[in-house]
Amino acid sequence: MTQAQLSKEDRIYVKKSIRWLTLKRPGNLTPAEQKALEVVKQAIPALAMAYDFKEAFFCIYDEPDKQSAQNAFEAWKNSLPPYGMEPFKKLVKTVHNHYDDIFAYWDAPFSLTNGYTEGLNGLIKMSNRLGRGYSYEIIRAKTLYSKEARKVGSGIRAGRGKVEYGPHIPTLLKQAEGGELD
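Numbering (this note's numbering), first residue to last: 11 to 192.
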């Protein structure tokens with residue numbers, strides 16, 4: 011079946027389904043999704059190639075140390091075809107522009123990600139969308155310095171000294187839903 015034979019709604023559904031399949035890591039796919047992904051990859055070779063390059067890039071973060079990760083990145087970069095794959099070439103440029111910062115990930119004594127920061131930013135943006143009349147900066151300050159959210163937990167992990175992780179996101183979410191961040 012071709013795109014032209016599908017209704018607009020069906021085309022959108024198929025494209026969204028393919029998108030979600032290709033965004034998932036292979037280890038997170040169900041057997042049915044793995045089978046569907048293989049069908050899609052066989053039907054669309056260019057998408058299969060892009061998916062494989064995406065997964066190979068993500069595997070760089072599975073490397074145990076900085077040198078291995080840098081070597082894996084260089085190997086991945088050198089495996090890109092000379093023509094096409096422009097989004098990946100932009101990614102290479104971005105990695106080179108922020109090389110030290112990106113590879114500093116392996117210098118930390120324990121795995122650090124920006125997941126907490128991204129979650130907090132999402133909460134701030136949600137509060138901003140509620141339209142209470144505050145600027146983003148005010149909502150950010152109210153979120154970061156909420157006394158109630160900072161009471162939860164000590165922020166101390168055994169053997170590492172005191173680490174400040176910021177406000178407790180579930181408490182902030184409860185406050186935002188209750189209008190307490192106004």
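Virtual Cβ for every residue (Gly too), placed ideally from N, Cα, C.
- Minimum Cα-Cα distance from Y126 among the listed residues L57, L182, D62 corresponds to L182.
- By the Cβ-count criterion, S156 is buried, with 16 or more other Cβ atoms from all chains shown falling within 10 Å of its own Cβ.
- Looking from the CA of F83, the closest CA among P74, P92, V102 belongs to V102.
- Each residue's CA atom was taken as its position, placing D117 and K76 some 7 angstroms apart.
- In the three-state DSSP reduction, A58 falls in the helix class (H, G or I).
- Between P74 and the set P119, R35, G143, the nearest pair of CA atoms involves P119.
- Judged by their CB atoms, W86 and A56 are not nearer to each other than the 9 angstroms cut-off.
- Boundaries of the alpha helix (DSSP H) harbouring Y126: 125-139, taken from the DSSP string.
- With fewer than 16 other beta carbons inside 10 angstroms of its own, A53 counts as exposed.
- A Cβ-Cβ separation of about 21 angstroms leaves L122 out of contact with T153 under the 8 angstroms criterion.
- Selection T40, S17, Q80 evaluated against D110 yields Q80 as nearest (Cα-Cα).
- The beta carbons of R142 and G189 sit closer together than 9 angstroms.
- Beyond the five residues adjoining it in sequence on each side, L90 comes within less than 6 angstroms, by CB distance, of F98 in the same chain, given in chain order.
- Inclusion of S137 and A186 in the CB contact set at 9 angstroms is warranted, their separation being smaller than that value.
- Around the Cβ of L33, a 10 Å sphere holds fewer than 16 other Cβ atoms; the residue is exposed.
- If you draw a straight line from the Cα of L140 to the Cα of R150, it is about 14 angstroms long.
- For H106, the enclosing alpha helix (DSSP H) starts and ends at 96-107.
- Within the same chain, Cβ atoms closer than 6 angstroms to the Cβ of I28 are found at V50, the five residues on either side in sequence being excluded.
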